[in-house]
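In the order they appear, the protein sequences are chains A and B.
Going by the working numbering, the first sequence runs without a break in its numbering and finishes at 350.
Going by the working numbering, the second sequence runs without a break in its numbering and finishes at 886.
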Amino acid sequence: MSQTPLLQARAITQRFPISNSQNLVAVNNADLDLYAGETLAIVGESGCGKTTLARAISWLVPPTGGSVHLGGMELGRLSKNELRNARQQIQMVFQDPYGSLNPRQPVGAAIAEPLTIHRIGTTRERAEKVAALMEAVGLRPDDVNRYPHQFSGGQRQRIAIARAIALEPRILVADEPVSALDVSVQSQVLNLLADLKEAHGLTLLFISHDLTVVRHFADRVAVMYLGKIVEQGPVVEVFEHPKHPYTQALIAAAPKIGQGKRTPGSALKGDVPSPLNPPSGCAFHPRCPVAVDRCQTEVPLLKGDVACHLKDEGRS
Amino acid sequence: MIQDAAPLQVEDLRVAFATEGGSLTAVDGISFVLQAGRTLGLVGESGCGKSVTALSLLGLVPAPGHITGGRILYGGDDLLSITEPQLAALRGKRIGMIFQEPMTALNPVFSVGAQVAEALWLHEPVSKADAHIQAVQMLERVGIADAAVRADSYPHQLSGGMRQRVMIAMALICKPDILIADEPTTALDVTVQAQILDLVLEMQAELGLAVLFISHDLGVVSEIADDVMVMYAGRVVEQAPATQLFTKPNHPYTQGLIATLPQSYQKDERIPAIPGQVPDLRELTQGCAFAPRCPIAEDRCRSETPPLVGGTACWKVGA
């Protein structure tokens, strides 16, 4: 992909102060490019910083370090008003649609809210837009006055998606959009996202811990471990030929059907370390089956598609 | 009375919940056997009755739920007709259980070593000092490094994976015949999930456990179960050896579930979704509960409930 990215994030770092003397570095120096029309997935285990990174680059929680360029604008340099306008172009869908919808607000009003906030259209035009949006996400426009609790989990996620696309954003950030849904409903919502992407020319930043979903759904993938991107590349490349030992372990650990019972012994050892006290050198070295001395002392940089000392030396 | 590695046999179990709108049938006549050294996977979506089934085996169905029928045969007794003290003596001793969220299942104000030890001295004639020694050994056995030190930790000081190891130590310290595992890896990351699945398999091999493994995740069940039972709206719709169920599912619901897994499709290929949603038990009508979502349902499916015959509860299979 040689064209200019739609969104360019550079050296994103997000520190949260824990006490006067201690910071938690949730995202550490991450670069990410998002190209128009693609689906980029960020994968990793809990606490790896994938949600924090997504919130930082969509400027929902501005990062403590780094820059984000969207189109020709640098988000960190915009005035309040300019930022408000720029935000129309990035919208989010969250994991728990019940938590992200106001239980006392009828769903029609929830879907119209972004339009109201950005003062788009007359009341009547907004109502028409809401009906069209509900139809587009597979809900009945007649249900506009019902409340979130009157819908199933899958339907609530459709409501959240309708609200997210109300402003016709260019980028949709979907943070674990199907993780809270029943298996039989997950594919309905994935298919909906695929349809909307096609129909509206959306660019998707898709955050997930579920590798089978990512493999099916994304064009490119970035793998995070303890605040850092350790590997990125086209989905097929990363899944067929994972280079980083962590990516390899993650793919091997994802349960698959139809391969019979597992043989104990192949699981990666240990736990994800605390980001408050990250290991020295490569953060993955205490769990890495192939780590060498250098990995304990020197932080590997993301060179090309992978951040691993062993790859620098041409070994695999 | 209790024979070595006695199997547990459930016959026509029924559980109902009394609600303002009347009685809801959460489990509607299910039967299965747990055998030593084998794992039965119980699969289904939210509200299908899988957790209620697990709780029934231990007499722990929460009010307003109650068991309305059936038998649970274990070691010559029907667990549904023995007294609460008799049941309490079995619970934790012959039948161990682990849950999805170990943080809520562990007591936050006692050290994990004390909790594992308690599981032992409650049931066995050991001194508390001996119980503690055995608890440390058990913690070591389930893969907790530095177990003697870790035994003094409190649950919040341990990671999710470690807490689940502690739960497994508690469940297995009395060397039970049966382990009931209700979504034990759902709250864990995939690399830690793999560790816990390995641990369950190892402990099963060591103790000859009969395992009931409940999960919504077909991939996990495929990797751990010998036999699989699929539940939908309180009933078993399909029951088969795991290899058969995952390669040649018979029931349209099982077929649909397997077909919706993204692993089977090329990129950008459309995933065939099951239309509609998991039914609300309050809105169940006559006939097969899956009929409203079933691609091949016919009139009979909407009026008569299909019995489980030859491992499948469907009028259209083998018809």
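Here a beta-carbon is modelled for each residue, glycine too, at the ideal position from N, C-alpha and C.
1) Three-state secondary structure (DSSP) at A/S350?
2) Let me know the alpha helix (DSSP H) ranges lying completely inside the stretch 271 to 315 of chain A, each 4 residues or longer, listed in chain order.
3) Using only alpha-carbon positions, find the residue among B/S613, B/G608, B/L607 and B/Q576 that is nearest to B/A593.
4) Please state if the CB of B/A809 and the CB of B/A826 are separated by a distance shorter than 8 Å.
5) For the beta strand (DSSP E) containing B/L689, name the first residue and the last one.
6) Just confirm the distance between the C-beta atoms of B/A585 and B/P629, as a whole number of angstroms; I'd bet it's less than 8 Å.
7) Just how far apart, CA to CA, sit A/A43 and A/L336?
8) Among residues of its own chain, excluding the 5 on either side of A/N62, which ones have a beta-carbon nearer than 7 Å to its beta-carbon?
9) Taking all protein chains shown into account, do 16 or more other C-beta atoms lie within 10 angstroms of the C-beta of A/R174, making it buried, or fewer, making it exposed?
10) Please classify B/F677: is it buried, with 16 or more other beta-carbons within 10 angstroms of its beta-carbon, or exposed?
11) Residues in the same chain with beta-carbon distance under 6 Å from B/L875, minus the five sequence neighbours each way, listed in chain order, please.
12) Are the CB atoms of A/T73 and A/L238 nearer to each other than 8 Å?
13) Are the beta-carbon atoms belonging to B/Q746 and B/L776 less than 8 Å from one another?
14) Against chain B, which members of the stretch 201 to 223 of chain A pass a CB distance test of less than 8 Å?
15) Could you have a look at B/D571 and say whether DSSP puts it in helix, strand or coil?
16) In the DSSP assignment, find the alpha helix (DSSP H) that holds B/D749 and state where it starts and stops.
17) Which residues, in order along the stretch 804 to 820 of chain B, keep a beta-carbon less than 7 Å from a beta-carbon of chain A?
18) Please state the DSSP three-state secondary structure of A/G79.
19) Take A/V207 as the anchor and find which of A/K84, A/Q184 and A/L310 has the nearest alpha-carbon.
20) Check the C-beta distance from B/V703 over to B/G680 and give it rounded, since I have them as a contact under 8 Å.
21) What would DSSP say about A/N62, mapped onto helix, strand or coil?
22) Can you tell which of B/A748, B/T758, B/H783 and B/I735 has its C-alpha closest to the C-alpha of B/T606?
23) Buried or exposed: which applies to B/D645, given that a residue is buried once 16 or more other Cβ atoms fall within 10 Å of its Cβ?
24) Quick one: does B/M729 have its CB under 8 Å from some CB of chain A?
25) Is there at least one Cβ from chain B nearer than 8 Å to A/H250's Cβ?
26) Please tell me whether A/K231 and A/A200 are closer than 8 Å, where the distance is taken between their beta carbons.
27) Can A/I193 and A/A144 be called in contact, C-beta distance under 8 Å?
28) Do we get a CB-CB distance below 8 Å when we pair B/S613 with the residues of chain A?
29) With C-beta atoms as the reference, is B/G596 less than 8 Å away from B/V797?
30) Spatial neighbours of B/G885 within its chain, please: C-beta separation below 7 Å, excluding the five flanking residues on both sides.
31) Report yes or no: do three or more beta-carbon pairs, one from the stretch 634 to 645 of chain B and one from the stretch 816 to 826 of chain B, lie closer than 8 Å?
32) Please report how far the alpha carbon of B/R867 lies from the alpha carbon of A/V269, in whole angstroms.
33) Quick one, which residues of the stretch 264 to 292 of chain A are near chain B if we go by CB-CB under 9 Å, in chain order?
34) What residue does the beta strand (DSSP E) around A/Q191 start on, and which one ends it?
35) Mapping DSSP to helix, strand and coil, what is A/Y69?
36) Assuming B/A840 and A/N225 form a contact by the criterion Cβ under 8 Å, report the distance between their Cβ atoms to the nearest whole angstrom.
Short version:
1) Residue mapping note: residue 350 of chain A aligns to position 316 of the first sequence, counting from 1. Only weak support is given to the placement of A/S350: the predicted model assigns it a pLDDT of 43, under 50, and the question is left unresolved by the model.
2) As far as the stretch 271 to 315 of chain A is concerned, its whole alpha helix (DSSP H) runs of at least 4 residues are 279 to 287.
3) Residue 593 of chain B sits at position 26 when you count from the first residue of the second sequence. Nearest option by C-alpha distance: B/S613.
4) Translated into positions along the second sequence, residue 826 of chain B becomes position 259. Translated into positions along the second sequence, residue 809 of chain B becomes position 242. No, Cβ-Cβ distance for B/A826 and B/A809 is not below 8 Å.
5) The residue labelled residue 689 of chain B in the question sits at position 122 within the second sequence. B/L689 -> no beta strand (DSSP E), and no H or E assigned at all.
6) Mapped onto the second sequence, residue 585 of chain B falls at position 18. Mapped onto the second sequence, residue 629 of chain B falls at position 62. Contact flag wrong, Cβ pair sits at about 12 Å.
7) In the first sequence, the residue the question calls residue 43 of chain A occupies position 9. In the first sequence, the residue the question calls residue 336 of chain A occupies position 302. So the two alpha carbons sit approximately 15 Å from each other.
8) Taking the first residue of the first sequence as 1, we reach residue 62 of chain A at position 28. Close CB contacts of A/N62 within its chain, under the 7 Å cut and outside five residues either way in sequence, are with T47, G261 and K262 (chain order).
9) Position 140 of the first sequence, counted from the first residue, corresponds to residue 174 of chain A. Per the 10 Å Cβ criterion, exposed.
10) In the second sequence, residue 677 of chain B corresponds to position 110, counting from 1. By the 10 Å Cβ count, B/F677 comes out exposed.
11) Locating residue 875 of chain B in the second sequence gives position 308, where the first residue counts as 1. Closer than 6 Å at the Cβ level, and outside the excluded window around B/L875, lie V803.
12) To locate residue 73 of chain A, count along the first sequence from 1; it is residue 39. To locate residue 238 of chain A, count along the first sequence from 1; it is residue 204. Cβ distance < 8 Å, so A/T73 and A/L238 count as in contact.
13) By one-based count along the second sequence, residue 746 of chain B stands at place 179. By one-based count along the second sequence, residue 776 of chain B stands at place 209. Per the sequence shown, residue 746 of chain B should be read as Leu rather than Gln. Between B/L746 and B/L776, the gap from beta carbon to beta carbon is short of 8 Å.
14) Those residues of the stretch 201 to 223 of chain A that come within reach of chain B (Cβ to Cβ, closer than 8 Å) are D216, V217, S218, V219, Q220, S221 and Q222.
15) Position 4 of the second sequence, counting from 1, holds the residue named residue 571 of chain B. Its pLDDT being 49, under 50, B/D571 is placed unreliably by the model, and the measurement read from it follows with that caveat. Here B/D571 carries a coil assignment [DSSP, helix/strand/coil].
16) As a working note, residue 749 of chain B is residue 182 in the second sequence. Boundaries around B/D749 are those of the beta strand (DSSP E), I745 to D749, since no alpha helix (DSSP H) includes it.
17) Listed by position, the residues of the stretch 804 to 820 of chain B near chain A (Cβ gap below 7 Å) are T810, F813 and T814.
18) Working through the first sequence from its first residue, we reach residue 79 of chain A at position 45. Note on identity: in this sequence residue 79 of chain A is Glu, with Gly being the wrong assignment. The answer is coil: DSSP assigns A/E79 none of H, G, I, E or B.
19) Along the first sequence, read from residue 1 onward, the residue named residue 207 of chain A stands at position 173. Taking only the C-alpha atoms, the option nearest A/V207 is A/K84.
20) Counted from its first residue, the second sequence places residue 703 of chain B at position 136. Counted from its first residue, the second sequence places residue 680 of chain B at position 113. Correct: roughly 6 Å between the Cβ atoms.
21) Numbered from its first residue, the first sequence carries residue 62 of chain A at position 28. Correct three-state label for A/N62: strand.
22) Taking the second sequence and counting its residues from 1, the one referred to as residue 606 of chain B is at position 39. Nearest in C-alpha terms to B/T606, of all of B/A748, B/T758, B/H783 and B/I735, is B/A748.
23) On the second sequence, position 78 is the one that residue 645 of chain B refers to. Flag for B/D645 reads exposed.
24) The sequence position of residue 729 of chain B within the second sequence is 162, counting from 1. With 8 Å as the cut-off, B/M729 counts as an interface residue toward chain A.
25) On the first sequence, position 216 is the one that residue 250 of chain A refers to. Under the 8 Å criterion on CB atoms, A/H250 is classed as interfacial with respect to chain B.
26) Within the first sequence, residue 231 of chain A is the residue found at index 197, counting from 1. Within the first sequence, residue 200 of chain A is the residue found at index 166, counting from 1. No; because the gap between Cβ atoms is not below 8 Å, this pair is not in contact.
27) Taking the first residue of the first sequence as position 1, residue 193 of chain A is located at position 159. Taking the first residue of the first sequence as position 1, residue 144 of chain A is located at position 110. The answer is yes: Cβ separation under 8 Å.
28) Counting from one through the second sequence, the residue named residue 613 of chain B turns up at place 46. Yes, because at least one Cβ of chain A sits closer than 8 Å to the Cβ of B/S613.
29) Mapped onto the second sequence, residue 596 of chain B falls at position 29. Mapped onto the second sequence, residue 797 of chain B falls at position 230. Taking 8 Å as the Cβ cut-off, B/G596 and B/V797 do not qualify as a contacting pair.
30) Numbered from 1 along the second sequence, position 318 holds the residue referred to as residue 885 of chain B. Closer than 7 Å at the Cβ level, and outside the excluded window around B/G885, lie G877.
31) By the Cβ rule, the stretch 634 to 645 of chain B does not count as touching the stretch 816 to 826 of chain B, because fewer than three pairs are nearer than 8 Å.
32) Translated into positions along the second sequence, residue 867 of chain B becomes position 300. Translated into positions along the first sequence, residue 269 of chain A becomes position 235. Rounded to whole angstroms, B/R867 to A/V269 spans 46 Å at the Cα level.
33) Under the 9 Å Cβ criterion, the stretch 264 to 292 of chain A contributes V269, V270, Y280, A283, L284, A286, A287, A288, P289, K290, I291 and G292.
34) The residue given as residue 191 of chain A occupies position 157 in the first sequence. No beta strand (DSSP E) contains A/Q191, which is instead part of the alpha helix (DSSP H) from G187 to I199.
35) If you number the first sequence from 1, residue 69 of chain A lands on position 35. Correct three-state label for A/Y69: coil.
36) Within the second sequence, the letter at position 273 stands for residue 840 of chain B. Within the first sequence, the letter at position 191 stands for residue 225 of chain A. With 8 Å as the limit, B/A840 and A/N225 qualify as a contact, their Cβ atoms being about 6 Å apart.
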